[in-house]
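In terms of the working numbering, the sequence shown opens at residue 6 and continues consecutively. Think of the CB as a built atom: it goes at the ideal place given N, C-alpha and C, for glycine as much as any other residue. Since the structure is predicted, the reported quantities are computational estimates derived from the model, not experimental observations. Accompanying notes for the structure given below.
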Amino acid sequence: MKQLLVALVLVLGTTPGWAQWLDRPWQDIPRTADGAPDLAAPTPRGPDGKPDLSGLWNGEPPLARLDPTILEPWVMELALQRQQEYYRSRPYYQCLPSGPEVEQSADWKRIVQTPAMLVILDEELTYRVVHTDGRELEANPVPSWMGYSVGRWEDDTLVVETNGYNDQTWVSRRGVSHSEQLHVTERYRRPDFGHLRVDVTITDPGAFSEPWGYSVEFELAADTEMLEAICDRTSDAWTGNLSDSSDRAVSVPVETLERYVGAYTGVYGGAERTFDVTLSDGQLTATIIRGYTSSGLGAAGLGEGAPRLLVPQSETQFDGLGLGFRFVAGDEGVATELIVTHISGNYTYTRDE
């Protein structure tokens, strides 16, 4: 899906002139005594005295927890249907703009601030224009993928209001939709030279019974450059559904399942993670109890951290919401390792003592 241009990377590794762009020091920025960018330096300001938000920013995807009880029934029904289809209709997987999707609110962004507008450039080649010239949002704009944005200053905070989204985008990669009544409010604060915080509030009476929100923390990515990331193939060729694993389910004795119960700890995405495997009514369930940092909305059955019913495909191999789980038993038949198969590879988790 999203890929850095391999050819560009190869050239960067062989052409000194181009390679300098990725580690070329920026000019005219504050630095510490050792020459590093001084991220704690005072906030830069424009001629009007307001914070200048310009810069190249990088942030971790936020943890957005959404109470499932505020979802309108049609939103939950559609999200669960998309889950069964491995989310293959996600706009991002179709090489379409992600619009207001939570997971695309962070990562790499370049902000260019002028007196009349703020331009936000994303690494996947989409962009937004926030007009700060005093205009107001239109009541009934032509729906668009990225919406229409206006901004105003409240002291040192830039408040951005956006409407006019079409209903083709999602607010979460977990399949959570919105209606064309969606209204997004963002509050941008730059407390010092090297940090930017964005507080986001989502309001959509057609999809959610009350507003909800999340925050994104960015750090200035000084002395480097942003490479483009492109989507060069869609999910049209994806096949299968989650229900397929139930059709292939086999019967496993409860005595065998009992040997798999326990906590298993390993490393995923550079962080320690623990799966807790439990047994109830003859069914195994796996739940991430530590190291869950994904930005899934957390609605029951939707988020990565939601409990996963393990459907047996053999005595040792199970399927759980699209992930493969294989238990490795020791000499006494009790599982000592859990191998979780993800699209990015196999990850080994060792049973906790």
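For residue i, which of the options has the nearest alpha-carbon?
i: Leu201; options: Ser103, Pro30, Ala276, Leu44; result: Leu44
i: Tyr91; options: Pro317, Leu61, Arg50, Gly180; result: Gly180
i: Gly338; options: Ile348, Tyr352, Glu320; result: Glu320
i: Val259; options: Ser285, Arg278, Val189; result: Ser285
i: Leu225; options: Pro52, Asp39, Glu65; result: Glu65
i: Val272; options: Ser349, Asp57, Tyr354; result: Tyr354
i: Thr239; options: Arg93, Trp175, Gly40; result: Arg93
i: Pro42; options: Tyr269, Asp53, Pro30; result: Pro30
i: Lys55; options: Pro120, Ser184, Gly274, Tyr269; result: Pro120
i: Gln288; options: Leu315, Leu58, Ser349; result: Leu315
i: Val117; options: Gln186, Ser177, Arg133, Ser251; result: Arg133
i: Pro73; options: Leu27, Pro196, Glu215, Glu129; result: Glu215
i: Ile344; options: Thr270, Thr290, His136, Ala276; result: Thr270
i: Leu27; options: Ala227, Tyr352, Asp172, Glu277; result: Ala227
i: Phe198; options: Trp62, Glu342, Gly350, Asn351; result: Trp62
i: Asp160; options: Pro146, Ala276, Arg194, His188; result: Arg194
i: Leu83; options: Trp175, Ser251, Glu143, Gly327; result: Trp175
i: Gly275; options: Thr131, Tyr352, Asp57; result: Tyr352
i: Glu2; options: Ile34, Asp281, Gln322; result: The requested residue 2 is not part of the displayed model; the chain covers only 6 to 358.
i: Gln86; options: Leu262, Asp57, Ser248; result: Ser248
i: Ser59; options: Val135, Met81, Asp336; result: Val135
i: Met3; options: Asp39, Val164, His183, Thr131; result: Nothing can be reported for residue 3: it is not among the residues displayed for the chain, which extend from 6 to 358.
i: Ser251; options: Glu277, Phe223, Gln322, Ala242; result: Gln322
i: Glu233; options: Thr131, Trp243, Ser349, Gln32; result: Thr131
i: Ser349; options: Gly327, Glu185, Thr229; result: Gly327
i: Leu262; options: Arg331, Ala242, Glu277, Thr229; result: Arg331
i: Phe223; options: Pro67, Asp53, Asn145, Asp39; result: Pro67
Can the beta-carbon of residue i be found closer than 7 Å to that of residue j?
i: Ile207; j: Gly218; result: yes
i: Arg264; j: Gln318; result: no
i: Gly267; j: Arg356; result: yes
i: Arg140; j: Thr162; result: no
i: Val221; j: Ala340; result: no
i: Gly329; j: Thr346; result: yes
i: Leu126; j: Arg115; result: yes
i: Ile294; j: Thr279; result: yes
i: Gln89; j: Asn246; result: yes
i: Glu166; j: Thr137; result: no
i: Arg178; j: Arg95; result: yes
i: Pro148; j: Asn171; result: yes
i: Ala212; j: Glu129; result: no
i: Arg313; j: Ala334; result: no
i: Asp209; j: Leu187; result: yes
i: Met231; j: Trp79; result: no
Quick check on the DSSP output: the beta strand (DSSP E) that includes residue i runs from which residue to which?
i: Glu191; result: 188-197
i: Asp262; result: It should be noted that the sequence gives Leu, not Asp, for residue 262. No beta strand (DSSP E) contains Leu262, which is instead part of the alpha helix (DSSP H) from 259-263.
i: Tyr219; result: 217-225
i: Tyr352; result: 350-356
i: Glu277; result: 276-285
i: Cys100; result: Note, Cys100: premise wrong, no beta strand (DSSP E); not H, not E.
i: Tyr269; result: 267-273
i: His347; result: 340-347
i: Arg333; result: Checking the displayed sequence, the identity of residue 333 turns out to be Val instead of Arg. 328-334 is the extent of the beta strand (DSSP E) around Val333.
i: Gly325; result: 322-325
i: Asp204; result: 200-208
i: Ser177; result: 175-177
i: Trp243; result: Element bounds for Trp243: n/a, residue is neither H nor E.
i: Val316; result: 313-317
i: Gly4; result: Residue 4 lies beyond the range of the chain shown here (6 to 358); nothing can be said about it.
i: Trp62; result: 60-64
Which residues bound the alpha helix (DSSP H) around residue i?
i: Trp150; result: Segment: none, Trp150 is in no alpha helix (DSSP H) and carries neither H nor E.
i: Arg87; result: 78-89
i: Val117; result: Looking at the DSSP string, Val117 is not in any alpha helix (DSSP H); the run it does join, the beta strand (DSSP E), is 112-118.
i: Asp252; result: 248-252
Pair every Cβ in the region 39-58 with every Cβ in the region 90-106, then say whether three or more of these pairs are closer than 8 Å. Result no; under three Cβ-Cβ pairs closer than 8 Å.
Counting beta carbon pairs with one atom in the region 102-109 and one in the region 144-152, are three or more of them shorter than 8 Å? Touching, per the Cβ criterion.
Kindly provide the ranges of any beta strand (DSSP E) runs that are 3 or more residues long and lie completely inside the region 127-167, ordered along the chain. Every unbroken stretch of the beta strand (DSSP E) spanning 3 or more residues and falling wholly within the region 127-167 is given here in chain order: 132-136, 153-159.
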